[in-house]
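Residue numbers (my numbering): 567 to 901. Structure, as structure tokens:
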Amino acid sequence: METIRQIILTRRPQGIPKISDFALATAPMPVAGPGQMLVKMRVCSLDPAIRGFLDDRPSYLPPVAIGAPINGMSLGEVVESHNPEWPVGSLLRTFATWSDHYVVRADALGLERVNAAAGVPLEHYMGALGPVGLTAWVGLFEIGKAKAGDTVLVSAAAGATGSTVVQLAKAAGCRVIGLAGSADKTRIVSDLGADAVIDYRATDDLTAAIRAAAPDGIDVYFDNVGGETLDAVLPLMRLHGRIALCGMIAQYNDADHPHGIQNLWQLVVNRVSIRGFLTYDHPEVLDRAQSELDSLAADGRLKPLATVREGFEKLPEAFIALMSGQTTGKTLVRV
Ligand SMILES: NC(=O)c1ccc[n+]([C@@H]2O[C@H](COP(=O)([O-])OP(=O)(O)OC[C@H]3O[C@@H](n4cnc5c(N)ncnc54)[C@H](OP(=O)(O)O)[C@@H]3O)[C@@H](O)[C@H]2O)c1
């Protein structure tokens, strides 16, 4: 019998996930039915949101069951097709499981065709030229309404989304301030073009450090981390400032003990808008966003940043590195 490899959840992680929370397993090769495609995983995306699916609590997707493969986004190649729209060799992105082969229906969640340009590494279509870039674009322009001359602050600025936001905001004519968690990361963010970068772990008064870099305040805060960082930024928002809440990674490893925000009143003082978003709730802007990402990459103003591991069995260690803050740019596994 032909088999596939999967990474399954063996127990619910406590804090930062451990290797022993996962196991490599085999399962029978799935069979593609009428209208369906059998897909071979080529690039798997490690996303902080997956940490939420490993807890037994409601998120925007149901929890992963113990013994079941982990859920996540991946880029794959059709190796058997019962759908003329998706011939063998087609590249696609979809929400799937950590399985080296999987069956995809034509109406699968988040299914998108990938038109890879010659010479561009395939993994970037899972990063800055894919979902990461779209998230950065939607948060910055659709939610944050960033425009030339604005001061934009971004947290986790050396990460996947953050590093892309820095470059998109610079290309749009904004002044950009990044927050990052080490000296190496601050160098990376500076090299991407940020006007100022703060190592938030090396300062004991983050509000003062940001104020020194942005004496007139912040127009747009693109928040990837939430928690104490969000609290520190609230008093610095300018009149009619916008906060795009992309994620709250600071609390994903310890969801039972979120930081209690103390400075919410500042939203009233400065009539600040604060809005959470999910990228794929904004399908009407995604084609425009994708074409802008492609053209910025083509003229060198967007440089996709990624930490890539090789080999399907590296998925757990890549995820643990992501959730320990050890990666820069998009965290990916090439299969
Ligand atoms: N809304 C959406 O549609 C959407 C889509 C994709 C992602 N997101 C969200 O966007 C945020 C960034 O995601 P990403 O994929 O771009 O990841 P990422 O930034 O590459 O993620 C890792 C970085 O987050 C920072 N971090 C802060 N607190 C952390 C903690 N307690 N534990 C681990 N890392 C911590 C670390 O950077 P420092 O060392 O600099 O702190 C780390 O390197 C996440 O909150 C994610 O859930 C939202």
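Built from N, CA and C at the ideal position, the CB exists for glycine as well.
Residue of the options minimising C-alpha distance to residue i
i	options	result
Asp716	Asp622, Arg808, Ser861, Ser890	Arg808
Gln892	Leu612, Val605, Phe661	Leu612
Ser890	Gly642, Thr845, Ile815, Ala598	Ile815
Gly866	Pro653, Val645, Ile582, Val686	Val686
Arg659	Arg623, Val698, Asp621, Tyr626	Val698
Val644	Ala810, Asn829, Asp666	Asp666
Cys610	Val799, Gly638, Arg804	Gly638
Ile784	Thr769, Cys740, Thr663, Ala615	Cys740
Thr592	Leu811, Ala821, Ile574	Ile574
Lys880	Asn836, Val899, Val851	Val899
Ala726	Gly826, Tyr787, Pro614, Met803	Pro614
Distance CB(residue i)-CB(residue j) smaller than 8 Å
i	j	result
Ala722	Asn819	no
Gly895	Ser729	yes
Residue i CB to nearest heavy atom of ligand 3 below 7 Å
i	result
Leu844	Within the structure as shown, ligand 3 is missing, the only ligands being ligand 1.
Residue burial classification, residue i (beta-carbon count within 10 angstroms, cutoff 16)
i	result
Trp831	exposed
Met567	exposed
Thr752	buried
Leu590	exposed
Gln828	exposed
Arg617	buried
Ala682	exposed
Gln580	exposed
Pro870	buried
Residue i CB to nearest heavy atom of ligand 1 below 7 Å
i	result
Leu627	no
Lys584	no
Lys880	no
Ser748	yes
Asn637	no
Ala775	no
Asp613	yes
Gly725	yes
Leu888	yes
Ala735	no
Val718	no
Met595	no
Examine the Cβ distances between the region 699-713 and the region 626-635 and report whether three or more of them are shorter than 8 Å.
Per the Cβ contact rule, the region 699-713 is not in contact with the region 626-635 (fewer than 3 Cβ pairs under 8 Å).
Is the region 641-653 in contact with the region 596-603, if contact means three or more CB pairs nearer than 8 Å?
As far as the Cβ criterion goes, the region 641-653 touches the region 596-603, which means the pair count is three or higher.
Three Cβ pairs or more, each shorter than 8 Å: is that satisfied between the region 769-782 and the region 792-799?
yes
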